[in-house]
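Residue numbers (full-length UniProt numbering): 1 to 1062.
Next up, the structure:
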């Protein structure tokens, strides 16, 4: 029985103990090298149904869990996902064996970091590379995506390029140490196994294999060259024998060859004469053709120019119309600015007049003050004691009156502040109630979506769950009560609709709407009432009931051909993309939505082109819908509405995808609800502060009223006292004080007027700038308009002139064509004659570089023919000997060149082999020396001593270790305890780490044979190494307890297998 893995939500990342919890968030991320693993997702892979693992929180991660929990499956998925073969995993010989039992396919998704100087094609892939490998019993495919989600490649070759560039070697046990390799490596004492691991890890095994192949190729080349030399010697002997045989008859051969050469030269001389004559005629034709082609190009350029000018005229007219609209708008703006400028100027003049009046009044009052001060000074000289007391009492009354006035102003200010706070609190109270209502709405929507999600998952893929969680129950009750219906209702309507092309899903759903897709259709009112009762019985309170459409059932589809939109070839009709087998549902959709009049368009540009101009609107088109759901209404009532419907929810939608969509919707609504809650908390906090301010103001008003009451009582007492006799000085001082008050008031008013004048002046400056800018804009637009009109007129004139020249050009082109045809007929005849002569001449030999005249050559041929005839009567025929000698001589030259090239290449190959052997030995010595040094240093961590004994000829590797405090003599690991042997072996592995640099290191069950002490020490060493390499990634898989691990590592705990949970 297969065990179902829980998704990521049931896999928890936790610390090994409570004391290792993070104190802060400053270590949530680290600087990472390109090639490290960000994230892995396993679907139906081995024992996992869905497993997501995130490695980004730390460069050190521990994957722990009991045996059988699926730890090694993560390592297997890493090897397979990065292009490794099945036999590398030690888990099978075919990748189809990794598909979970009972599943048709599986997938592995690996996201690699692609940041830093070592990034692979960062402009193409971005900051991360996502590799997805899908496996089925018959196929294996790849998808390689960029950080933005764009698919870059589907080739396995690109996986190899990525791993090579990022130095990822899934077949190297140092980079990825599988469970079987780890156990064999840790438990085995065989020196040959350790040597084999050393050679594989350092890639010396591959270098050695390549060197052997090159050496064998060199030896084979030497042997082949030796055989070729023997054959070459035999060829040279045969050639010398034929040479000696020919020398005696060379004279007649030379004469015959000379005759043939002369005959060939004569034929080629005739060909030359014919070619020269042909070239002259061809040159004449070519000149005419060139003139005709030039004239055609000129004519074609004129056509293109006409089209270009016409297109420019249309563009210029559009620009002219736009400029006219802009000019009208700017002129209206200019008029508004003029009016505003005049208003500001009038206000400024009024304020200047007001300022002048106030200044005059202040000057007059200052003169009154001087006069009063002089009169008071004279009256004070004669003031008596009684008058002084009276004046003192009046002064005190005036002070109290001033205080009372101050209290009134203070109270008025406080009451205004209190009024504003209460008004603000009332408004915020409304906002608080509104936010609470919105939060409650989100809670209701989230609960409803969660209910739908739960019902959808319980429905086990039932598509009807897409139309509501109660929909299966509704259809069940309809089936049970179908005898009560006159005609069984049809619905939900969306369940009867299929699409012929899924790309129109969003457009179709956006047009039909969710209400129509969830609706039911019935034959009569009685059936409608019965169906409504079923809805009320099945559906919960608050759940929206589907729409019921009452229409007489017709069991034959409507004939919509007369009203069908005549769609262009690149568009479709909504009615045509719907596949509805049920005629009742089809007729209902046609009657309710008029789908036969709806045009489906690929993009917005095409929709605008078709519907914005009345003459282009397809016949019977009432509306157009783009592939994204945007709607366009045809001219003369042209308008458009953008769609908010971005994803199909009903038509041909997989329930799993719909469940994911609901989960995303729940997440989005939860985030929005949290934002609302945060706003509500902030608002309540502000209201609390304002409530406190309200209490403080009320207390302040109470205290001010109390103080005012005391002063008012004292003021009344003083005011009721009998006034002593006083001189006129008091009245004078009162008048003086009133005048000073008036002066102070007027001065404040003057300052206020000055400030207002400054503000008005600034506004005048700004209005002038706006007016000037508007005038400049209008002037610029007028200049551009005039320029456009001039260009339009200029282009129209050129178009008229080119149209007039078109007929003349056509006649001239026909005359050129006639001359070319006549000349070409002559050239073809001469060319045929010259070609025939050239074929006859080429049969005798190649064309000489220099040719004499035909009479000269003919005379010399006759003389040589006479000489040959005389000599042949005295000599034998040696044509066959000469032919054989020529054949062997050519072969000798060819083989000679090949032999020299082979010897040169063999010398280069020998030098290369020596250099490769030298570099191999240097690399070998470097790894051995560095390994010994690193091994010695890591042993010192536990106060061990030892070294690595590597026998390259015997292909053995021994770990020589002296345990802690010299508890026993020097020996191999076979003499050590299990924990000490494991520690020494891990020290050997650590030394290999020092030699090879990879972006990540995965180790599976490396500590299975260690006791707790040695395991602690080993993990401390590995953690220390990891801290020294913060840009690299280290992942350790173990079933052991790691509670001693510090907070510097992330721990992934896998769920226990069922045999433990049960």
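No residue lacks a Cβ here, since even glycine has one placed at the ideal position from N, Cα and C.
Using 10 angstroms around the beta-carbon of residue i, count the other beta-carbons present and answer buried if the total reaches 16, otherwise exposed.
{"i": "residue 1043", "result": "exposed"}
{"i": "residue 1052", "result": "buried"}
{"i": "residue 999", "result": "buried"}
{"i": "residue 527", "result": "buried"}
{"i": "residue 1006", "result": "buried"}
{"i": "residue 321", "result": "exposed"}
{"i": "residue 659", "result": "buried"}
{"i": "residue 805", "result": "exposed"}
{"i": "residue 519", "result": "buried"}
{"i": "residue 908", "result": "exposed"}
{"i": "residue 92", "result": "exposed"}
{"i": "residue 538", "result": "buried"}
{"i": "residue 786", "result": "exposed"}
{"i": "residue 730", "result": "buried"}
{"i": "residue 430", "result": "exposed"}
{"i": "residue 48", "result": "buried"}
{"i": "residue 984", "result": "buried"}
{"i": "residue 611", "result": "buried"}
Under three-state DSSP, which class holds residue i?
{"i": "residue 110", "result": "strand"}
{"i": "residue 141", "result": "strand"}
{"i": "residue 1009", "result": "coil"}
{"i": "residue 52", "result": "strand"}
{"i": "residue 631", "result": "strand"}
{"i": "residue 638", "result": "coil"}
{"i": "residue 613", "result": "coil"}
{"i": "residue 580", "result": "coil"}
{"i": "residue 681", "result": "helix"}
{"i": "residue 1000", "result": "strand"}
{"i": "residue 946", "result": "strand"}
{"i": "residue 94", "result": "coil"}
{"i": "residue 625", "result": "strand"}
{"i": "residue 46", "result": "coil"}
{"i": "residue 485", "result": "coil"}
Would residue i and residue j qualify as a contact pair, given that the criterion is a beta-carbon distance under 9 Å?
{"i": "residue 1064", "j": "residue 750", "result": "This structure does not reach residue 1064, given that the chain is present from 1 up to 1062, and the question cannot be answered."}
{"i": "residue 238", "j": "residue 888", "result": "yes"}
{"i": "residue 107", "j": "residue 163", "result": "no"}
{"i": "residue 428", "j": "residue 686", "result": "yes"}
{"i": "residue 497", "j": "residue 580", "result": "yes"}
{"i": "residue 602", "j": "residue 626", "result": "yes"}
{"i": "residue 289", "j": "residue 820", "result": "yes"}
{"i": "residue 607", "j": "residue 630", "result": "yes"}
Out of the options, which has the shortest C-alpha to C-alpha gap to residue i?
{"i": "residue 124", "options": "224, 145, 136", "result": "145"}
{"i": "residue 1074", "options": "957, 943, 212", "result": "Because the chain is modelled from 1 through 1062, residue 1074 falls outside the range shown and cannot be assessed."}
{"i": "residue 615", "options": "823, 635, 418", "result": "635"}
{"i": "residue 914", "options": "147, 274, 211, 475", "result": "211"}
{"i": "residue 69", "options": "1049, 304, 1040, 367", "result": "1040"}
{"i": "residue 645", "options": "84, 330, 512, 934", "result": "512"}
{"i": "residue 291", "options": "404, 815, 841", "result": "815"}
{"i": "residue 487", "options": "413, 421, 531", "result": "531"}
{"i": "residue 60", "options": "31, 850, 73", "result": "31"}
{"i": "residue 912", "options": "218, 899, 541", "result": "218"}
{"i": "residue 917", "options": "51, 197, 209", "result": "209"}
{"i": "residue 576", "options": "565, 847, 584", "result": "565"}
{"i": "residue 333", "options": "293, 767, 697, 168", "result": "767"}
{"i": "residue 401", "options": "713, 650, 113", "result": "713"}
{"i": "residue 827", "options": "902, 867, 282, 791", "result": "282"}
{"i": "residue 862", "options": "704, 470, 256, 681", "result": "256"}
{"i": "residue 742", "options": "313, 279, 359, 114", "result": "359"}
{"i": "residue 866", "options": "443, 259, 284", "result": "259"}
Does the beta carbon of residue i sit closer than 9 Å to a beta carbon anywhere in chain D?
{"i": "residue 955", "result": "In the structure shown, chain D does not exist; there is a single protein chain."}
Task: Ranges of the alpha helix (DSSP H) found wholly within the segment 713-786, counting only runs of at least 4 - done: none
Open item on the list: List, from N- to C-terminal side, the alpha helix (DSSP H) runs of 4 residues or more that fit wholly inside the segment 801-878.
Closed with: 854-872
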